[in-house]
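Beneath this line is the structure, given in C-alpha cells, with notes to follow.
In our numbering, the protein residues as written are 9 to 136.
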C-alpha cells in the first residue's frame with residue numbers, strides 16, 4: 009500500500025483532528041471564562057476517543073493483512089499514546105473541577121492532532 013493509502017490516513021484521521029481542535033477551542037473558551045470542564049467537553053472527548061479507536065482498528069486490520077509501518081516501535085508508541093490521550097484528559101479534568109480542568113482538556117486536544125500526524129509519518133517512512 010502506498011503512503012497515500014496508509015490505514016491511518018484519510019477521512020477518519022481528518023475527522024479526529026478536526027474534532028480534537030473543536031474540543032480544544034470549546035475548552036479554551038471555558039478556561040478563559042473561568043469555567044470547569046462541562047458535559048460538552050467530556051462528550052467531545054468520548055467521541056474523539058471513538059474516532060481514535062477507529063484509527064487503531066484500521067491500523068490493526070492493515071497489520072493483520074501483512075502491511076507494516078516504516079518505524080514499528082515509534083508507530084506502536086504513538087498509537088498507544090493516541091488512544092490514551094482522551095481518557096487521560098477526561099480523568100484529569102474531573103480531578104480538577106476548576107478552569108484548569110478545562111485548560112487540561114484544551115492542552116491535550118491540541119497535542120492529539122500532532123500525535124495523529126506523527127502516527128501517519130511513522131507508517132509512511134518506508135514509502136509503501
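Glycine included, every Cβ here is placed at the ideal spot set by N, Cα and C.
The DSSP-derived three-state label of residue 78 is coil.
Proximity to residue 79 across 58, 98, 30, 126 peaks at 126, based on C-alpha coordinates.
With a cutoff of 7 Å on beta-carbon distance, residue 123 and residue 100 are scored as not near each other.
For residue 55 against residue 113, the beta-carbon gap comes to about 13 Å, at or over 8 Å, which does not count as contact. Burial state of residue 93 is buried, judged by a 10 Å Cβ sphere holding 16 or more other Cβ atoms. Boundaries of the alpha helix (DSSP H) around residue 122: 107 to 132.
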